[in-house]
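Trainee: Quick one: the structure is below, questions incoming.
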Amino acid sequence: MARPVVAEIDLDRICHNFRIASSITPRGNTIAVVKADAYGHGVTEVCKALASAAPAFATASIEEAMVIRKAGLLHPVLLLEGFFDSYELSDISVSGFWTVVHNEFQIRCLEVERISKPISVWLKIDTGMSRLGFPVGEAENAFRRLKDNPNVRNIVIMTHLANADAGGSTLLSVNDQIARIPRMVLEPEGQLSIANSAGLLAHEVARRSWQRPGIMLYGSSPLNLDNEYSRQLLPAMTLKSRIIATRWIEQGGQVGYGGRFIAPKRTRVGTVAVGYADGYPRQAAEGTPVFVSGRRVGLVGRVSMDMLTVDITDIPDVDVGAEVELWGDNVLANEVASSSGTIAYHLFTSVTRRVRRIYKSSSAVERLALPT
Ligand SMILES: *Cc1c(COP(=O)(O)O)cnc(C)c1O
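Residue numbers for the sequence shown follow my numbering, beginning at 149 and rising by one.
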């Protein structure tokens with residue numbers, strides 16, 4: 149038998165989550181953000197599953213977008229960081245990708261490069277995230293130059309929210325950020341894109357022509373957001389393995405590297421075949437929930453490269469071979485993340501190549517695959 153760690157990916161649930169996302173703005177358009185290998189879920193399989201529902205996808209780079217083309221899908225793909233070299237423009241043009249334009253270098257490339265057909269451009273404005281985009285004061289000038297550029301087919305105005313998942317009190321509110329977008333770039337029929345998952349789930353004012361949800365498609369609510377929409381999301385990934393050894397530890401005995409766990413009483417410990425080299429966070433605190441044979445127990449001791457240990461004292465019927473869920477329906481990725489000082493995005497994108505992905509879908513993915 150193979151090493152039992154697997155990531156089960158339920159493609160029907162990703163479609164369900166996409167339907168929830170789209171239903172929030174029935175008149176707007178919803179782009180499926182599938183950067184970073186669809187947040188670790190497998191970009192080819194995810195895009196094929198969403199092919200008939202999603203009007204467009206978004207990735208971080210042209211390299212990631214090309215994987216979608218190789219899967220045989222002809223959807224527009226928005227490049228969220230735009231291009232990094234002028235030579236990418238001809239591929240963007242030929243492939244029908246959409247590019248973010250966030251700096252002077254990219255505008256100039258678009259002005260001097262010869263391309264076969266004009267490109268759709270998303271002009272990114274920095275309204276307070278201070279990461280990517282034209283400063284508010286330079287946005288009008290950038291907009292005018294793009295308007296006059298024959299290489300530009302159309303312009304969508306875009307910005308990214310810094311605090312959409314922060315709840316009530318923040319220094320920079322969603323409203324503040326939106327108010328900073330210069331009026332002049334917002335044409336009467338113009339297109340505007342503001343919302344990521346948190347913006348879409350929690351801020352009506354952020355729901356505009358194009359939404360850009362990522363994490364919610366994979367069934368995870370951004371940080372601690374909890375509302376009528378987020379409660380309908382279904383986790384798409386289940387990280388699973390099995391118990392491969394059990395033992396009794398006498399009171400005072402230690403478990404794992406550095407003896408972080410010292411048994412306060414006689415304790416039965418199960419060893420699970422999953423570790424940080426599979427993507428389980430090494431930072432996971434003592435007591436992080438783990439689901440073993442239908443019950444929640446706690447992590448004990450440090451996570452090692454290929455294994456971790458759990459306290460199974462209270463579930464005596466559990467033995468070698470018992471199924472373990474590291475995250476999924478019974479232990480949310482958000483719980484493991486908050487117990488490890490990180491976020492579910494980080495957990496999903498950290499699942500490594502040696503973890504086999506198993507896809508579940510009511511319409512067989514194989515049928516959608518094109519002959520190679
Ligand atoms: C990643 C990303 C998104 C999606 O964010 P989520 O929080 O995963 O919904 C949207 N817009 C931009 C610009 C991004 O980089």
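Just so you know, even glycine gets a beta-carbon here, dropped at the ideal spot from N, CA and C.
Computed from a predicted model, the values in this text were never measured in an experiment.
If we ignore side chains and look at the alpha-carbon of each, how far apart do E286 and A327 end up?
Mentor: Each residue's alpha carbon lies about 16 angstroms from the other.
Trainee: With distances taken from CA atoms, which of I172, G489 and E193 is nearest I216?
Mentor: With distances taken between Cα atoms, I216 lies closest to E193.
Trainee: Hey, is R279 close to ligand 1, as in C-beta under 7 angstroms from one of its heavy atoms?
Mentor: No, the Cβ of R279 stays beyond 7 angstroms of every heavy atom of ligand 1.
Trainee: Is the separation between the beta-carbon of L159 and that of A180 shorter than 8 angstroms?
Mentor: No, these two residues do not count as a Cβ contact at 8 angstroms.
Trainee: Taking the alpha carbon of Q254 as the point to measure from, which residue in T275, G230, I263 and S264 has its own alpha carbon closest?
Mentor: Comparing Cα-Cα distances from Q254 to each of T275, G230, I263 and S264, the minimum goes to G230.
Trainee: Can you tell me whether E434 is buried or exposed, with buried defined as 16 or more other CB within 10 angstroms of its CB?
Mentor: Under this definition E434 is an exposed residue.
Trainee: Measuring CB to CB, does A432 end up less than 8 angstroms from M455?
Mentor: No, they are not a contact pair.
Trainee: What is the DSSP secondary structure of D374, counted as helix, strand or coil?
Mentor: Three-state result, D374: coil.
Trainee: According to the neighbour-count rule (16 or more other Cβ atoms, all chains shown, within 10 Å of its Cβ), is W396 buried or exposed?
Mentor: Exposed, because fewer than 16 other Cβ atoms sit within 10 Å of the Cβ of W396.
Trainee: Let's test the definition: count the other Cβ atoms within 10 Å of the Cβ of L518 and tell me whether it reaches 16, buried, or not, exposed.
Mentor: At L518, the pLDDT of 43 sits below 50, so the modelled position is not reliable; the number obtained from the coordinates is stated separately. By the 10 Å Cβ count, L518 comes out exposed.
Trainee: Report the residue from V403, L495 and K388 whose alpha carbon sits nearest the alpha carbon of D459.
Mentor: It is V403 whose Cα lies nearest to the Cα of D459.
Trainee: Less than 8 angstroms between the CB atoms is what I'm expecting for P330 and E288, so what's the real figure, rounded?
Mentor: Indeed, because the Cβ distance is near 5 angstroms, the residues count as touching under 8 angstroms.
Trainee: Using only the alpha-carbon positions, how far apart do L373 and M385 sit?
Mentor: Approximately 19 angstroms between the Cα atoms of the pair.
Trainee: Considering only heavy atoms of ligand 1, does any lie closer than 7 angstroms to the CB of R502?
Mentor: Flag unset: Cβ of R502 not near ligand 1.
Trainee: Could you check what DSSP says for T457 in three-state terms: helix, strand or coil?
Mentor: Strand at T457.
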